[in-house]
Amino acid sequence: MRRKLGFLLGLGIGLPLFAAEKIVSGFIAKGTKWETPVFQRISDQPGPTVVIAGGIHGNEPAGAAAAEQIRHWPIPRGRLVVIPRANIPGLADGTRYLPGEPPALRDLNRQFPKTKGTPEAKGVLAKAIWGFVGGQKPDWVIDLHEGYDFHQINSKSVGSSIIDAKGKAADAVVPKMLAAVNATIADPKKKLVRLRYPVDGSLARAAHERLGAAAMILEPTTKSQPLSLRARQHRVMVHTLLRHLNMAGGGPHVLLPTNTNALRVAVYDAGGVGSSGPRNLNRILGGMKNVLFRRVGAEDIRDGVLAQFDLAIFPGGSGSKQAAALDAKGRSVVKAFVKGGGGYIGICAGSYLAASNYKWSLGISNHKTYCETIDLPNIGRKSMWYRGPSATVKMELTDAGRKILGEKIGPFDVRYQNGPIMSPMGVKGLGEFRTLAHFRSEVSRYDPQKGTMVNTPAIITGDFGKGRVFCISPHPESSRSLHKLMENAIRWTAQRE
Ligand SMILES: [Zn+2]
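With our numbering applied, the sequence shown has no gaps in its numbers, which climb one by one up to 1347 at the end.
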């Protein structure tokens, strides 16, 4: 009865916990430079103990991102033990290794007890992790990694595979995990395959051989796939395992805790987005207090993840490609999110996406963009949105802009790269935008562009339903000196100023 109540609460009303679920957190290697947090969800209903590790290799951030999401999943039985960022210094440096360790000790996933070796792990962090994991008496150990290329295309890489230790328990679930994740992948060459056996010295192999756990390494592929997609593949596989064990208390796309008062920000990083925008936003969001942020992709958005967030940011890249990746369903989901009170920040491409003048644009901001196609003598037909490579221009806040974005008097430098030249569209029933900043200089590639950018709006805002829409043509997120301005934009657009 109690379990049933927990199940209803966990799913129906969105309460964070099952009625009889306890959360315990602590640290591994406490007091050392390798100190890393560990989180346990403990049900009072007996069941398996599942240990999940992420971030053992610091240049494989999707495992850490997924583990950080999975640790918030409610469980109706057993124990879910998550070490989301095993190698924090490596993650900070973006390196595979343990920074500063000698070659023989630097690969954390070779330091666990080897098949023909002694029963001890090597090095401070591996020893601490091994001691902790052994103490859990795990039934399952799942280690979240990434490979650099698709195994079916390049067999030198283990990318897009599940590498499991042999055993009946794994045999019963690995095919299900592959089927679930492969159902989300269209290209047959990019589907995941099953490989054996985890490498000697790895946590998974040691856990299998020394602790008797069913163990596996999950390896999505980094190459040409956004972080959101790789983390999503991890989630789909882990969720399939937990469902198999009757330990899944919610869906696979729970990205955040439900019991938080933090400002929750989704950063779109998938089709139509370059890599520098999300990276710069990481720096800004990572420096803000009481903010939780996650990368999301088009499939995540179509699956409804925005309901977990206060604000969505669409960074630079290509507005039309972002629109195509979202497709009609994703675009209507974004519109509904804003209409219902969610915030929207578009940076460069994201401001094309918000506009009202394209068949593919969202129509949540009452602006059009200067994008005529003109026949130029001796050059040919050219679209006027293109003004050349990245350049520095001057921008100046309006009085309304200073109220929201901070006291910056006079023109200042900002990076610009083909952002929209915005003017009123005049859509009836959609409020007019307010201008928060103007361009005070311009760049141009073609004659007809001359004079069309200087003194036009660089930053605008308007309402769409209950939500705020904030469109930025240039790239203030690229300049550290403008990060405070971006922080103010984020809090204001999320209505958390
Ligand atoms: Zn790895």
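By construction, the Cβ of each residue, glycine as well, lies at the ideal position given by its N, Cα and C atoms.
Just so it is clear, the structure is predicted and the values come from calculations on it, not from any experiment.
{"Query": "Rounded to a whole number of angstroms, what is the C-alpha to C-alpha distance between Gly1169 and Asp1297?", "Result": "24 Å"}
{"Query": "Indicate whether Thr1219 and Ile1271 have their beta-carbon atoms separated by less than 8 Å.", "Result": "yes"}
{"Query": "Applying the 10 Å Cβ sphere with the 16-neighbour rule, what's the burial state of Ser1331?", "Result": "exposed"}
{"Query": "Could you work out which residue in Val1049, Val901, Leu975 and Pro963 is closest to Pro948 when comparing CA atoms only?", "Result": "Looking at the sequence itself, residue 948 is Leu, so the reference to Pro does not match. The candidate whose alpha carbon is nearest that of Leu948 is Leu975."}
{"Query": "With respect to 7 Å, is the separation between the Cβ of Glu910 and the closest non-hydrogen atom of ligand 1 below this value?", "Result": "yes"}
{"Query": "For Lys1171, collect the residues of the same chain with a Cβ closer than 7 Å to its Cβ; drop the 5 residues on either side in sequence, then sort them by chain order.", "Result": "Gly1121 and Gly1122"}
{"Query": "Does the Cβ of Arg1129 have 16 or more other Cβ atoms within 10 Å, making it buried, or fewer, making it exposed?", "Result": "exposed"}
{"Query": "Can you tell me which of Asp1014, Thr968 and Ala915 puts its alpha carbon nearest to the alpha carbon of Leu1068?", "Result": "Asp1014"}
{"Query": "With Glu1266 as the anchor, note down where its beta strand (DSSP E) starts and where it stops.", "Result": "Per the sequence shown, the amino acid found at residue 1266 is Tyr instead of Glu. Unbroken beta strand (DSSP E) run through Tyr1266: Phe1262 to Tyr1266."}
{"Query": "Taking the beta strand (DSSP E) that Gln890 falls in, what are its first and last residues?", "Result": "Thr886 to Ser893"}
{"Query": "Under 8 Å: do the stretch 951–970 and the stretch 870–881 share three or more Cβ pairs, one atom per stretch?", "Result": "no"}
{"Query": "Counting only runs that start and end within the stretch 1044–1131, where is the alpha helix (DSSP H) found for 4 or more residues in a row?", "Result": "1053–1061 and 1077–1094"}
{"Query": "Compute the Euclidean distance between the alpha carbons of Arg1318 and Gln1345, then round it to the nearest angstrom.", "Result": "8 Å"}
{"Query": "Please classify Tyr1194 as buried or exposed, where buried requires at least 16 other C-beta atoms within 10 Å of its C-beta.", "Result": "buried"}
{"Query": "Can you list, in chain order, the residues of its chain with a C-beta nearer than 8 Å to that of Asp1313? Leave out the 5 residues immediately preceding and following it.", "Result": "Gly1281 and Val1319"}
{"Query": "DSSP beta-bridge partners for Phe1314?", "Result": "Gly1317"}
{"Query": "Let me check understanding here. Comparing Cα to Cα, which of Ile1163, Arg1145, Asn1228 and Gly997 lies closest to Cys1198?", "Result": "Ile1163"}
{"Query": "Who are the near neighbours of Asp1225 in its chain, counting only those whose CB is closer than 6 Å to its CB and skipping five residues on each side?", "Result": "Arg1231"}
{"Query": "With a threshold of 16 other CB atoms inside 10 Å of the CB of Pro1048, please say whether the residue is buried or exposed.", "Result": "buried"}
{"Query": "Taking the alpha-carbon of Ala1204 as reference, which of Gly1191, Lys1185, Glu1222 and His1001 has the nearest alpha-carbon?", "Result": "Lys1185"}
{"Query": "With a threshold of 16 other CB atoms inside 10 Å of the CB of Thr804, please say whether the residue is buried or exposed.", "Result": "Only positions 851 to 1347 of the chain appear in the structure, and residue 804 is not among them; the question remains open."}
{"Query": "Only counting the same chain, and skipping five residues up and downstream in sequence, which positions put a Cβ closer than 7 Å to that of Gly1238?", "Result": "Val1293 and Arg1295"}
{"Query": "For the alpha helix (DSSP H) that contains Arg1341, what are its first and last residues?", "Result": "His1333 to Thr1343"}
{"Query": "Would you check if the stretch 899–918 and the stretch 937–947 touch, i.e. whether three or more CB-CB distances between them fall below 8 Å?", "Result": "yes"}
{"Query": "Count the CB pairs spanning the stretch 1021–1041 and the stretch 926–934 that are closer than 8 Å, and state whether there are at least three.", "Result": "no"}
{"Query": "Could you give the distance in angstroms between the alpha-carbon of Leu955 and the alpha-carbon of Ser1052?", "Result": "13 Å"}
{"Query": "So what's Gly1180 in DSSP terms, helix, strand or just coil?", "Result": "helix"}
{"Query": "Since Leu1156 and Gly1192 should fall inside the 8 Å C-beta cutoff, what is the C-beta to C-beta distance between them, to a whole number of angstroms?", "Result": "6 Å"}
{"Query": "May I have the straight-line CA-CA distance separating Ala971 from Arg1055, to the nearest angstrom?", "Result": "12 Å"}
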